[in-house]
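Q:
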Amino acid sequence: MEAQIIRIKIRNDYNEYPGPRYCNQGTSSGEDFYHMKLNGAFANVFTEGKKLEIDLDDTAGYLSSFLDETFGNLVFDFTAEVVRAKIKIISVQEPDWEDMIMNDVIHDWENRRISNNFPKKTESHPEWFRLVNGQLIKKVWIQ
Amino acid sequence: MVSACKWSTYKKGMDTVIVSTFSTADKIALLDIVITVIIAIWISIFVNNNFTTIRAVKEYFITEDQIIRDEYNEFLKKIYNNEGNPREIPEWFKVMTMKINVYEGFLKKEFHVHPKLGKHHTKIKILITGSDELNSSFNAETFSLLGTSKTSLHKIHKDFSNSQTRLVVEINKAKPKSWLTRQFKR
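Chains A and V, in that order, are what the protein sequence lines are.
Each residue of the first sequence is one higher than the one before, counting from 1 in our numbering.
Each residue of the second sequence is one higher than the one before, counting from 1001 in our numbering.
1. Looking at A:I142 and A:F118, is the spacing between their C-beta atoms short of 8 Å?
2. Quick one: measure Cβ to Cβ for A:Y22 and A:L74, integer angstroms, because I've assumed they're closer than 8 Å.
3. Excluding five sequence neighbours on each side, which residues of the same chain lie with their C-beta closer than 6 Å to the C-beta of A:R7?
4. Cutting at 6 Å between CB atoms, please list the residues of its own chain near A:S91, excluding the five before and the five after it.
5. Decide yes or no for the touch test of the region 1134–1147 of chain V against the region 1155–1166 of chain V: beta carbon pairs closer than 8 Å, at least 3 of them.
6. With respect to the beta strand (DSSP E) encompassing A:Q135, which residues constitute its N-terminal and C-terminal limits?
7. Alpha carbon to alpha carbon, how far is A:G49 from V:L1167?
8. Taking a cut of 9 Å between CB atoms, which residues from the region 1086–1108 of chain V lie near chain A?
9. Counting only runs that start and end within the region 1002–1075 of chain V, where is the beta strand (DSSP E) found for 3 or more residues in a row?
10. Do A:Q93 and V:K1177 have their C-beta atoms closer together than 8 Å?
11. Looking only at C-alpha atoms, which of V:K1119, V:L1107, V:I1128 and V:S1131 sits nearest to V:E1170?
12. With a threshold of 7 Å (Cβ to nearest heavy atom), would A:S115 be considered close to the ligand ATP?
13. Let me see if you follow: with CB-CB separation under 8 Å, is A:E81 close to chain V or not?
14. Given a cut-off of 8 Å on the beta-carbon distance, is the pair A:S124 and V:I1126 in contact?
15. How would you call V:Y1103, buried or exposed, if buried means at least 16 neighbouring beta carbons within 10 angstroms?
16. Are any of the Cβ atoms in chain A nearer than 8 Å to that of V:N1135?
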């Protein structure tokens, strides 16, 4: 039986005008989207054995940095293997984003995770989930 | 040759009717002429029309290539001159991505060509939209790429322009895909 799919459509569930990489660079940043939406949604699908479909279409376009920061943080907190198994990217209008995320971003941030090159946080965020030895732990991991 | 046929005349009322009697060889020769004429007409109408259609389709694709080149040059001129508006960049790239994807999709479907515009376009998009310069100036009116970023952009821009020129040559040389090929590709 196929795993149940939970869907996030960035235009409807977050913002039609995604912004830059970091919170301190502008509104609706990749850093903000990760902490406001993606981390919690991914932790839920992980716990419940579901899959997460993220629909990038119908926004006013993306900076590659927004996507890099968003999905890079996801890999950093949950590992490349788990992210690859649990997410599906929908990007009919700009299919090259799907290729970039599934190949370059996941690969680069997995290396970054292994080498403990921590992501930069430009704003304090409430506690968020990280997968440690198969267990989800929620706390403020980076100040 | 139709030289061996016999001619005879007879009266029918007030009229004199001339009748020719054809041998089998004459009939074959006549059939040969008729078929030759039909083929000549078919070539002059159908093949010529087909050639004209293919030429027109090729001209359309070449013009589209030129339009993409012009739009791209205008956009990159703004970037090189530090006049690009950061908030307009993602949408411009999105529209251009869709335009190039549709263009390349139709081109691949109709002709045996392998355009690389999309590949170079993605590299330019990632370079500009991933730059610290653009991200840190996202709320500003304009942004300026650093020298190193501009050098990288020049290189990919050159590759993009080369692939556009190569594509015009490829389109001109390309053979259209047959109806059968298109059915199997569906």
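By construction, the Cβ of each residue, glycine as well, lies at the ideal position given by its N, Cα and C atoms.
A: With the structure as the only source:
1. yes
2. No, A:Y22 and A:L74 are not in contact; Cβ-Cβ is about 16 Å, not under 8 Å.
3. E53
4. L56, W97 and E98
5. no
6. Q135 to K139
7. 48 Å
8. P1086, R1087, I1089, P1090, E1091, W1092, F1093, K1094, V1095, T1097, M1098 and N1101
9. 1006–1012 and 1015–1021
10. no
11. V:L1107
12. Because no ligand of any kind appears in the structure shown, any question about the ligand ATP cannot be addressed here.
13. no
14. no
15. buried
16. yes
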